[in-house]
Every structure is written in C-alpha cells, then in structure tokens.
Amino acid sequence: MTVMRDTVVKSLAKINIQGDENGLIPEYDVLVNLLPASLLNTFSERIMAAAPPDKKSKVADGLVRAAYECGYHTGCGIITSDVFNDVVLPMVTEGEKDILRGAFAAFTAWGWAKSGIVQLKEGERMVIRANDYYEADSGGEGLRAYMLRGLCQAFFDLTYADPYPDGMNTFVCHQTKGIEAGDPHGEFVVTRK
C-alpha cells in the first residue's frame, strides 16, 4: 500500500488545529497564526503594487522566501509529528515519495492548497498541480502563488536535501501555470538549484 491521499485528507481534516495561548500548535511544536488568506493576498498585492518595476522580481522573491522559511520549519514539525506518524506513516511503502504524498495531502486537508504530485524524479525534480490555493483568487498580474512556491520548495528540501536544519536552499520552485493568470490550474516545478 502507498499513501492513500483521500484517506489522509479525511483523517487530517477532522483534527482541530488551534494554537494555544502562546500561538503554539502542541502537535507540531511550531508557532502559528490563524489569519485569513485574504490578509496574505492583500499584503502581497499591495507590496507588489508599491514596488518599483525594477524591484518587483526581488519583492516577489522575498514573498516566496518568507513562505519557504515558514514552510521549512513548520513542515519539519508536521512530518515528524505524532499526528503525521499516526495517519501517514502506516501507509508509507515508498519512503520519501510517500512522505511527500502525505505532505501534499496535508496541504489539502488544512486548506493551504488542493494540490498533488503529478511527476516525481526522486531527489531531482517534482511537478505539483494545484486546483485551488491561497493566491488563486488574488489580484495583481502574472503568476503569483508565492506561498505555494515556497511550500513546494520547502517540502522537497525537507525530503531530499541534507537533514533538517541543514538542507535549506538545495532546491528551487518555479511556477509555470496559475489560476490567477487564467490557467485551469496552477503548476509548480521544483528542481535542484
């Protein structure tokens, strides 16, 4: 048996994920906030609109970097958590591949992105397709799924780079399609830097 995406999504979606009085999610030992996606989108839209044309690329890279760093540290907490171990690990038969499948099922269960792996060359390349994600409805121009780009890179680093925390910045993610740009889905390609 390999990771059964629908089973993972249903199991994880039932879990009540809330921070304690310090903002910690006890199951994952990470700090979290419970802010709406519209806040992230509005912030991204405004900061991109305010950036001079010659700086837009750097600002976009900064938004991806923020999502990446959050995703790298939070992701480690998730994939090493008791909850993930209880739900996903019993289905793991293909090692790292199945850990990634479980991680993207978690993205869906927790509302970050309805996404999944469509292509994987272990340790080299991954293609993710997303039918919904935070920035899918955002205003602005062009491809701008900053959060999902950062998360895809983070989870590939966690899976195939040096062990946490030394594996940062081994891979990079590029968005090739986006709902926000009129495509039927978002597509994200992770490769070695």
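Just so you know, our numbering puts the end of the sequence shown at 212, numbered straight through with nothing missing.
Glycine residues also receive a C-beta, built at the ideal position from the N, C-alpha and C atoms.
Note that the structure is predicted; figures quoted are calculated from it, not measured.
- In the displayed model, Val137 falls within a strand according to three-state DSSP.
- Here the segment 129 to 139 makes no contact with the segment 178 to 196; the two share fewer than three CB pairs at distances below 8 Å.
- By the C-beta density criterion, Thr21 is exposed, having fewer than 16 other C-beta atoms within 10 angstroms.
- In the DSSP assignment, Gly205 is bridged to Ala149.
- Assigned with DSSP and collapsed to three states, Gln37 falls in coil, not helix or strand.
- The segment 200 to 212 makes contact with the segment 165 to 184; the number of CB pairs closer than 8 Å reaches 3 or more.
- Here Arg163 carries a coil assignment [DSSP, helix/strand/coil].
- Annotation for Lys196: the continuous beta strand (DSSP E) segment containing it runs Phe190 to Lys196.
- With a cut-off of 8 Å on Cβ pairs, the segment 160 to 167 is not in contact with the segment 139 to 146, counting fewer than three such pairs.
- Put simply, of Lys75, Glu154 and Gly205 the residue whose alpha carbon is nearest the alpha carbon of Leu58 is Glu154.
- Looking at Tyr165, Lys33, Ala124 and Asn104, the one whose alpha-carbon comes closest to that of Cys89 is Tyr165.
- Taking 8 Å as the cut-off, the beta carbon of Arg148 is found no closer than this to the beta carbon of Arg24.
- The beta-carbon distance between Thr189 and Ala180, rounded to whole angstroms, is 4 Å. This is short enough to meet the 8 Å contact definition.
- Thr112 carries a coil assignment under DSSP once its states are collapsed to helix, strand and coil.
- For Asp80, the uninterrupted alpha helix (DSSP H) run begins and ends at Lys75 to Ile98, by DSSP.
- Rounded to whole angstroms, Val137 and Ile34 show a C-alpha spacing of 26 Å.
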